[in-house]
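Line order of the protein sequences matches chains A and B.
According to our numbering, the residues represented by the first sequence are 330 to 704, in order.
According to our numbering, the residues represented by the second sequence are 330 to 704, in order.
There are 2 protein chains.
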Amino acid sequence: MTFSFKILHKSKKSKARVGKIYTPHGIVDTPNFVGVATNGTIKALDNKILEDLGMQLIFCNTYHLMIHPGEDIIAKAGGLHKFINRNLPIITDSGGFQVFSLLYGTVFDELKKKGKKRSDKLVLKIEEEGVLFRSYRDGKKILLTPEKSIQIQKALHSDIIIPLDELPPYYLKEKNLKKSFERTHRWEKRSLDEHIKNKKGQAIYGVIHGGIDKELRKKSCNILQDFPFDGFAIGGSIGKNKKEMVDIVKHTVKYLPEEYPKHLLGIGDSVSFEKIIPLGIDTFDSSYPTKAARHALLFKKEKNIKISKKKYSYIYKPIDERCNCFTCKNYTLAYMHHLFKTRELVFYSLATIHNIFFMINLMKEYREKILKGIF
Amino acid sequence: MTFSFKILHKSKKSKARVGKIYTPHGIVDTPNFVGVATNGTIKALDNKILEDLGMQLIFCNTYHLMIHPGEDIIAKAGGLHKFINRNLPIITDSGGFQVFSLLYGTVFDELKKKGKKRSDKLVLKIEEEGVLFRSYRDGKKILLTPEKSIQIQKALHSDIIIPLDELPPYYLKEKNLKKSFERTHRWEKRSLDEHIKNKKGQAIYGVIHGGIDKELRKKSCNILQDFPFDGFAIGGSIGKNKKEMVDIVKHTVKYLPEEYPKHLLGIGDSVSFEKIIPLGIDTFDSSYPTKAARHALLFKKEKNIKISKKKYSYIYKPIDERCNCFTCKNYTLAYMHHLFKTRELVFYSLATIHNIFFMINLMKEYREKILKGIF
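See the structure below:
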């Protein structure tokens, strides 16, 4: 199956739509949540369980995979799908996000430090050619260029790939933001050119930049839609709170062609979905649902459950009686509380199964609501 | 089903036998390996997967369960089987082993320190009444008496229970060993009396003591077989190496009635099985196979695999091509190496599945060999 995107239904009340992304490894129904499988596995779950849960697309990180096990080992296995034994679609990023996170920390850290660089010396140089950094495993210097990022993603053979971009921090000064903005678009073009040399059936999404500068966002849309990308991802800093994020996304999608799939990078909470799906975003990736699970937060429609609380120690009911996940079918809040408190490894698996199942179903419900015209 | 033990076949070449232990929650084929599920779960596996793997009997620790979640919470759930959602048999210990481990450390620590007590002050007093210790969770003082241990195991409602005993260290001086020996038998008698008041369909195994003193071992067998125990476990220190262990077990079983099930506490490696099954031992418990899995040691007949070794990073074959476990059916050595090196939680589950499956099959093979008269 070659890559394509088909819109099945458009909401009359908003820009929300139901669609299907066709990829060489199968279909992704949209809107949908994309689980983050950094090292080729969603933390605490194996890839067969994940397929059984119905996770249609996962997001693997080129940065982590190039450092370990290295793209050569994955290529020799026959690509990432074969290496991790997943039969369903995979999207990989360019490695840029993690390299720039090394420089500024997480979005949270960065907002706190107002753009001040981190003290560690892992990122050595950012120049036109690419970014030079050190491996956190062995200190080896690695030069990541747009071409190199694409070559690695070719070796991984993921279904959807991402061009190398620069992630400027929220607090970057205007002049530097512009400089970064221009370079990032040159990098994306070089990435695309490298991809076109040898498509291998992969799709490539352009990444819209411009931070919280609306003019730059518009300009980014205009530049990138002239290139033959297969879809678009909204990247860069999208604001310091939900209000700002919604505002930027709403503004950005206006300048993108309707018939292309649109991905919002790094967002994955229910509150955001409610506001962002009506803007016409099709897919979202985030490690939040799995991270939350490992930190004792179990998703429930009315109110999430903090399983570490003592009151759950004697409640012999599932996390959610309406939930059909393996965890809810087999275990009680009391047992989950006990497993968390005794730090049993299986807690992380059972909690992750529940939260992933929750996200998959939430997205199914959104699709049904849009089809029924009630969203 | 009430508890009983039936010997199906006796080897002509040794004292090895094939049998069936009938319990209220089903049958345990013997000889068999008993997985250690300290807190009510085999580390990194959930109880449904464990049942699917065919683990017929698991060993849960009263000491850990009384401290968390507490026996009341388990009793209110309807017993341990209901609390942890296991439909197959469970054996629990008395709590004594762990309390005395607090005092002397693990067997390994103890041998290294030659019986010197550990510095921490968790065990406060050992006297005729019982043993007073502090909870490692909240520092609360807990008095564990033989009666209390049995009452807790009644609340847990496990299929097979163990009387409270004292675990004297290997290097205990003769006079003190005798004192401990006599007290332990009084404690076992008090445990048995408490059990008989309210059997609840549970079976109780007497624990043979005497350390490495052959006269005491013989005496322990003689004392305990006069009591109405349903089976016997060999406990206490059984020597500082395999040779001494085999010698002590061989000597001890001579003085035990043939038709009772016999359990060897804390032993679970292939080398020991080969020597101990011919002595007529029916069941073995040990955390070794699961602990080994978590420390990168994957079982294989010819030679175990240390998956952390770099040479496995590009071997795209299962741990064992003849193995039918979920892990070997789905994943390669290269991927397992990658998961271990990137500290992915799912490594621990996949490695544990393999080692547990290995043990279950190894025991099946022993039963077949004994039945065929080739062991």
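Note that the Cβ used here is the ideal one computed from N, Cα and C, for glycine as well.
Keep in mind it's a predicted model, so treat the numbers as computed, not measured.
Residues bridged to A:D358 by DSSP?
Its beta-bridge partners are A:K349.
Since B:I610 and B:V578 should fall inside the 8 Å C-beta cutoff, what is the C-beta to C-beta distance between them, to a whole number of angstroms?
Between B:V578 and B:I610 the Cβ distance is about 7 Å, and since that is below 8 Å, they are a contact.
Is the beta carbon of B:I563 closer than 8 Å to that of B:Y695?
With contacts defined as CB atoms closer than 8 Å, B:Y695 and B:I563 fail to qualify as a contacting pair.
Which residue or residues does DSSP assign as beta-bridge partners of A:S615?
A:G364
Taking its Cβ as the centre, do 16 or more other Cβ atoms sit within 10 Å of A:S333, making it buried, or is it exposed?
exposed
Pull up the CB-CB distance for B:S423 and B:S509, whole angstroms please, since I reckon it's below 8 Å.
At roughly 15 Å, the Cβ-Cβ gap does not stay under 8 Å, so B:S423 and B:S509 are not in contact.
Step through the CB atoms of chain A and report whether any lies within less than 8 Å of the CB of B:K638.
no
By alpha-carbon positions, which one of B:G459, B:R466, B:K469 and B:V428 ends up nearest to B:V452?
Minimum Cα distance to B:V452 is reached at B:V428.
Contact criterion: CB-CB distance below 8 Å. Does B:T671 meet it with respect to chain A?
So yes, B:T671 belongs to the interface.
Could you tell me which residues DSSP puts in a beta bridge with A:T421?
Under DSSP, A:T421 shares a beta bridge with A:C389.
Could you name the residues that DSSP lists as bridge partners for A:H338?
Paired residues: A:V347.
Going along chain B in order, which residues have a C-beta closer than 8 Å to the C-beta of A:L627?
By Cβ distance, chain B contributes nothing, its closest Cβ being about 16 Å from A:L627, past 8 Å.
Between B:C550 and the rest of its own chain, which residues show a CB-CB distance below 7 Å, the 5 nearest in sequence each way excluded?
I537, T581, Y584 and L585
Measuring CB atoms only, is the segment 514-529 of chain B touching the segment 410-422 of chain B, in the sense that at least three cross pairs come out at less than 8 Å?
Segments in contact, no.
Quick check on B:G369 - is its C-beta less than 8 Å from some C-beta in chain A?
yes
According to DSSP, is A:H624 helix, strand or coil?
A:H624 falls in the coil class under three-state DSSP.
Go ahead and pull the three-state DSSP assignment for A:F412.
Note: A:F412 maps to helix in three-state DSSP.
Quick test of the definition: if touching needs 3 or more C-beta pairs under 8 Å, does the segment 553-571 of chain A touch the segment 408-416 of chain A?
no
With distance defined between alpha-carbon atoms, name the residue in B:Y351, B:K339, B:L374 and B:M692 nearest to B:G530.
Taking only the C-alpha atoms, the option nearest B:G530 is B:Y351.
What residue range is occupied by the uninterrupted beta strand (DSSP E) comprising B:H524?
Not the beta strand (DSSP E): B:H524 falls in the alpha helix (DSSP H), residues E503 to K526.
What residues in the segment 651-672 of chain B have a beta carbon less than 8 Å from any beta carbon of chain A?
F655, N659, Y660, T661, A663, Y664, H666, H667, L668, K670 and T671
Using C-beta distances below 6 Å, list every residue in its chain close to A:H666, excluding the 5 sequence neighbours before and after it, in chain order.
If you ignore the 5 residues before and after A:H666, its C-beta comes within less than 6 Å of the C-beta of I636, Y641 and S642, all in its own chain and listed in chain order.
From A:S340, A:I489 and A:M330, pick the residue whose C-alpha is nearest to that of A:E587; which is it?
A:S340
Can you list the residues of chain B that A:A621 reaches, using a CB-CB cut of under 9 Å?
Ordered by position in chain B, no residue passes the 9 Å Cβ test against A:A621, which lies about 15 Å from the chain.
Going by CA-CA distance only, name the one from A:S464, A:L700 and A:N690 that's closest to A:K629.
A:N690
Can you tell me which residues form a DSSP beta bridge with B:A562?
Answer is B:V536 and B:H592, bridged to B:A562.
Taking the alpha-carbon of B:I682 as reference, which of B:C657, B:K698 and B:Q480 has the nearest alpha-carbon?
B:C657
Keeping to the same chain, check which residues put their C-beta closer than 6 Å to that of B:K699; ignore five residues upstream and five downstream.
Just to set this straight, residue 699 of chain B is Ile in the shown sequence, not Lys. Same-chain partners within the cutoff: S340, A345 and V347.
Using beta carbons (cut-off 8 Å, strictly below), is A:N684 in contact with chain B?
no
The alpha helix (DSSP H) that contains B:R696, what's its start and end?
L674 to L700
Enumerated in chain order, which unbroken segments of the alpha helix (DSSP H) with a length of 4 residues or greater are wholly contained in the segment 458-491 of chain B?
475-485, all fully within the segment 458-491 of chain B.
Comparing the CB of A:K508 with every heavy atom of the ligand ADP, is any distance shorter than 7 Å?
By its list of ligands, the structure shown contains no ligand whatsoever, and the ligand ADP lies outside what it can speak to.
Residues of chain A with a CB under 7 Å from the CB of B:K405: which are they?
What B:K405 touches in chain A: Y643.
Would you kindly check if the distance between the Cβ of B:K469 and the Cβ of B:R463 is under 8 Å?
yes
With 7 Å as the limit, tell me which residues of the segment 380-402 of chain A have their beta carbon closer than that to any beta carbon of chain B; keep them in chain order.
H397, P398 and I402
Between B:D649 and A:N659, what straight-line distance do the alpha-carbon atoms span, to the nearest angstrom?
31 Å
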